[in-house]
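Trainee: In the working numbering, the protein residues as written are 309 to 474. Each residue gets a CB set at the ideal place from its N, CA and C atoms; glycine is no exception. All values reported here derive from a predicted model rather than from experimental measurement.
(1) Just to confirm, are residue 431 and residue 394 a CB contact at a threshold of 7 Å?
(2) Excluding the five sequence neighbours on either side, which residues of its own chain have a C-beta within less than 6 Å of the C-beta of residue 481, listed in chain order?
(3) For residue 476, which residues of its own chain have a beta-carbon under 7 Å away from its beta-carbon, when the five flanking residues on both sides are left out?
(4) Consult DSSP for residue 274 and reduce its assignment to one of helix, strand or coil.
(5) Suppose contacts are defined by Cβ-Cβ distances below 7 Å. Is residue 455 in contact with residue 383 by that definition?
(6) Below 6 Å CB to CB, which residues in the same chain sit around residue 352 once its five sequence neighbours on both sides are set aside?
(7) Determine the direct distance from the alpha carbon of residue 355 to that of residue 467, and round the result to whole angstroms.
(8) Hey, quick one: how far does the alpha helix (DSSP H) through residue 461 stretch, first residue to last?
(9) In chain order, which continuous runs of the alpha helix (DSSP H) of length 4 or greater are located wholly inside the stretch 350-390?
(10) List the DSSP bridge partners of residue 392.
(11) So the alpha helix (DSSP H) residue 327 belongs to, where does it begin and stop?
(12) For residue 428 versus residue 403, is the C-beta spacing smaller than 7 Å?
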(Lines of atoms letter the chains of each structure in order from A; the text may use other names.)
(Lines give C-alpha, C1' and ligand atoms only; values in the text may rest on other atoms or scores of the structure.)
Protein backbone atom coordinates (compact mmCIF):
# COMPACT_ATOMS: atom_id res chain seq x y z
CA UNK A 309 0.00 0.00 0.00
CA UNK A 310 1.20 3.48 -0.78
CA UNK A 311 -0.41 6.66 0.50
CA UNK A 312 0.41 10.34 0.38
CA UNK A 313 0.48 12.16 3.70
CA UNK A 314 0.94 15.68 5.04
CA UNK A 315 2.76 16.58 8.25
CA UNK A 316 0.87 19.32 10.13
CA UNK A 317 0.68 20.34 13.76
CA UNK A 318 3.03 17.55 14.82
CA UNK A 319 0.90 14.85 13.19
CA UNK A 320 1.24 12.85 9.97
CA UNK A 321 -2.16 12.77 8.23
CA UNK A 322 -2.96 10.42 5.34
CA UNK A 323 -4.42 12.09 2.26
CA UNK A 324 -6.81 9.33 1.24
CA UNK A 325 -10.53 8.76 0.96
CA UNK A 326 -10.15 5.10 1.85
CA UNK A 327 -7.98 4.34 4.83
CA UNK A 328 -5.76 1.25 4.82
CA UNK A 329 -7.14 -1.92 6.38
CA UNK A 330 -5.22 -1.87 9.67
CA UNK A 331 -6.02 -3.31 13.06
CA UNK A 332 -6.25 -0.89 16.00
CA UNK A 333 -2.73 -0.44 17.41
CA UNK A 334 -1.05 -2.25 14.49
CA UNK A 335 2.55 -1.15 13.97
CA UNK A 336 3.46 -0.18 10.39
CA UNK A 337 6.64 1.11 8.76
CA UNK A 338 6.48 4.52 7.12
CA UNK A 339 9.07 5.59 4.56
CA UNK A 340 9.34 9.36 4.16
CA UNK A 341 9.77 10.43 0.55
CA UNK A 342 9.53 14.11 -0.24
CA UNK A 343 7.74 15.30 -3.36
CA UNK A 344 9.87 15.95 -6.36
CA UNK A 345 10.97 19.25 -7.78
CA UNK A 346 8.94 20.84 -10.55
CA UNK A 347 12.25 22.13 -11.93
CA UNK A 348 13.55 18.57 -12.26
CA UNK A 349 10.33 17.59 -14.00
CA UNK A 350 10.67 20.52 -16.45
CA UNK A 351 14.36 19.76 -17.02
CA UNK A 352 13.48 16.22 -18.09
CA UNK A 353 10.94 17.40 -20.65
CA UNK A 354 13.45 19.95 -21.96
CA UNK A 355 16.18 17.36 -22.55
CA UNK A 356 13.69 14.94 -24.10
CA UNK A 357 12.70 17.63 -26.62
CA UNK A 358 16.36 18.47 -27.23
CA UNK A 359 17.24 14.82 -27.87
CA UNK A 360 14.22 14.34 -30.13
CA UNK A 361 15.14 17.41 -32.20
CA UNK A 362 18.67 16.03 -32.64
CA UNK A 363 17.87 12.43 -33.57
CA UNK A 364 20.06 11.12 -36.38
CA UNK A 365 18.25 10.81 -39.70
CA UNK A 366 18.29 7.00 -39.60
CA UNK A 367 16.29 7.05 -36.31
CA UNK A 368 13.78 9.77 -37.21
CA UNK A 369 11.46 7.27 -38.89
CA UNK A 370 11.44 4.84 -35.96
CA UNK A 371 7.91 4.40 -34.56
CA UNK A 372 9.05 5.62 -31.14
CA UNK A 373 10.52 8.81 -32.65
CA UNK A 374 7.19 10.20 -33.82
CA UNK A 375 7.00 12.77 -30.99
CA UNK A 376 9.08 13.71 -27.94
CA UNK A 377 6.38 12.02 -25.83
CA UNK A 378 6.56 8.68 -27.67
CA UNK A 379 10.35 8.85 -27.45
CA UNK A 380 10.18 9.45 -23.68
CA UNK A 381 7.75 6.57 -23.16
CA UNK A 382 9.84 4.25 -25.34
CA UNK A 383 12.94 5.23 -23.36
CA UNK A 384 11.16 4.35 -20.11
CA UNK A 385 10.40 0.89 -21.46
CA UNK A 386 13.91 0.44 -22.90
CA UNK A 387 15.50 1.34 -19.56
CA UNK A 388 13.33 -0.94 -17.43
CA UNK A 389 10.76 1.56 -16.13
CA UNK A 390 7.80 -0.38 -17.45
CA UNK A 391 5.02 -2.81 -16.74
CA UNK A 392 4.84 -6.00 -18.78
CA UNK A 393 2.88 -9.16 -19.15
CA UNK A 394 3.17 -12.31 -21.21
CA UNK A 395 0.46 -14.40 -22.83
CA UNK A 396 0.81 -17.91 -24.17
CA UNK A 397 -1.38 -17.76 -27.27
CA UNK A 398 -0.84 -21.40 -28.21
CA UNK A 399 0.55 -20.67 -31.68
CA UNK A 400 2.71 -18.05 -33.36
CA UNK A 401 -0.05 -17.11 -35.81
CA UNK A 402 -2.49 -16.51 -32.96
CA UNK A 403 0.06 -14.43 -31.06
CA UNK A 404 0.72 -12.34 -34.18
CA UNK A 405 -3.01 -11.77 -34.68
CA UNK A 406 -3.62 -10.77 -31.05
CA UNK A 407 -0.52 -8.55 -30.81
CA UNK A 408 -1.88 -5.63 -32.85
CA UNK A 409 -5.15 -5.57 -30.92
CA UNK A 410 -3.49 -5.64 -27.50
CA UNK A 411 -0.85 -3.06 -28.41
CA UNK A 412 -3.59 -0.76 -29.69
CA UNK A 413 -5.69 -1.24 -26.53
CA UNK A 414 -2.72 -0.71 -24.19
CA UNK A 415 -1.56 2.34 -26.16
CA UNK A 416 -5.04 3.86 -25.77
CA UNK A 417 -4.94 3.19 -22.03
CA UNK A 418 -1.29 4.04 -21.32
CA UNK A 419 -0.31 6.35 -24.19
CA UNK A 420 2.28 3.95 -25.62
CA UNK A 421 2.86 0.21 -25.80
CA UNK A 422 5.20 -2.28 -27.44
CA UNK A 423 4.43 -5.88 -28.30
CA UNK A 424 6.74 -8.74 -29.23
CA UNK A 425 5.96 -12.25 -30.40
CA UNK A 426 8.37 -15.13 -29.85
CA UNK A 427 6.80 -18.37 -30.95
CA UNK A 428 3.41 -18.63 -29.23
CA UNK A 429 4.37 -16.13 -26.50
CA UNK A 430 3.20 -12.52 -26.75
CA UNK A 431 4.83 -9.94 -24.47
CA UNK A 432 3.37 -6.45 -24.00
CA UNK A 433 5.24 -3.55 -22.37
CA UNK A 434 3.82 -0.20 -21.23
CA UNK A 435 5.80 2.65 -19.65
CA UNK A 436 5.53 3.49 -15.97
CA UNK A 437 3.72 6.76 -15.42
CA UNK A 438 5.99 9.61 -14.34
CA UNK A 439 3.13 11.74 -13.09
CA UNK A 440 3.73 13.50 -9.79
CA UNK A 441 1.08 11.30 -8.21
CA UNK A 442 2.42 8.01 -9.61
CA UNK A 443 6.16 8.37 -9.16
CA UNK A 444 7.99 9.71 -6.14
CA UNK A 445 11.15 11.81 -6.22
CA UNK A 446 13.66 8.96 -5.88
CA UNK A 447 12.08 6.76 -8.56
CA UNK A 448 11.60 9.77 -10.84
CA UNK A 449 15.27 10.72 -10.52
CA UNK A 450 16.31 7.13 -11.30
CA UNK A 451 14.09 7.05 -14.40
CA UNK A 452 15.16 10.53 -15.46
CA UNK A 453 18.84 9.57 -15.30
CA UNK A 454 18.20 6.31 -17.17
CA UNK A 455 16.30 7.92 -20.03
CA UNK A 456 18.82 10.76 -20.25
CA UNK A 457 21.61 8.19 -20.70
CA UNK A 458 19.56 6.23 -23.25
CA UNK A 459 18.67 9.33 -25.27
CA UNK A 460 22.24 10.62 -25.21
CA UNK A 461 23.36 7.27 -26.65
CA UNK A 462 20.73 7.53 -29.40
CA UNK A 463 21.98 10.93 -30.54
CA UNK A 464 25.64 10.07 -29.98
CA UNK A 465 26.57 12.61 -27.31
CA UNK A 466 27.77 12.29 -23.72
CA UNK A 467 24.91 12.39 -21.20
CA UNK A 468 26.51 15.46 -19.60
CA UNK A 469 26.14 17.36 -22.89
CA UNK A 470 22.45 16.52 -23.16
CA UNK A 471 21.92 17.32 -19.47
CA UNK A 472 23.51 20.74 -19.96
CA UNK A 473 21.77 21.51 -23.26
CA UNK A 474 18.32 21.48 -21.70
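Mentor: Let me lay it out:
(1) yes
(2) Not covered by the structure: residue 481. The range shown for the chain is 309 to 474.
(3) For the chain, the structure presents residues 309 to 474; residue 476 sits outside this window and is missing.
(4) Because the chain is modelled from 309 through 474, residue 274 falls outside the range shown and cannot be assessed.
(5) yes
(6) 452
(7) 10 Å
(8) 445-463
(9) 376-386
(10) 433
(11) Premise fails: residue 327 is in no alpha helix (DSSP H) and is neither H nor E.
(12) yes
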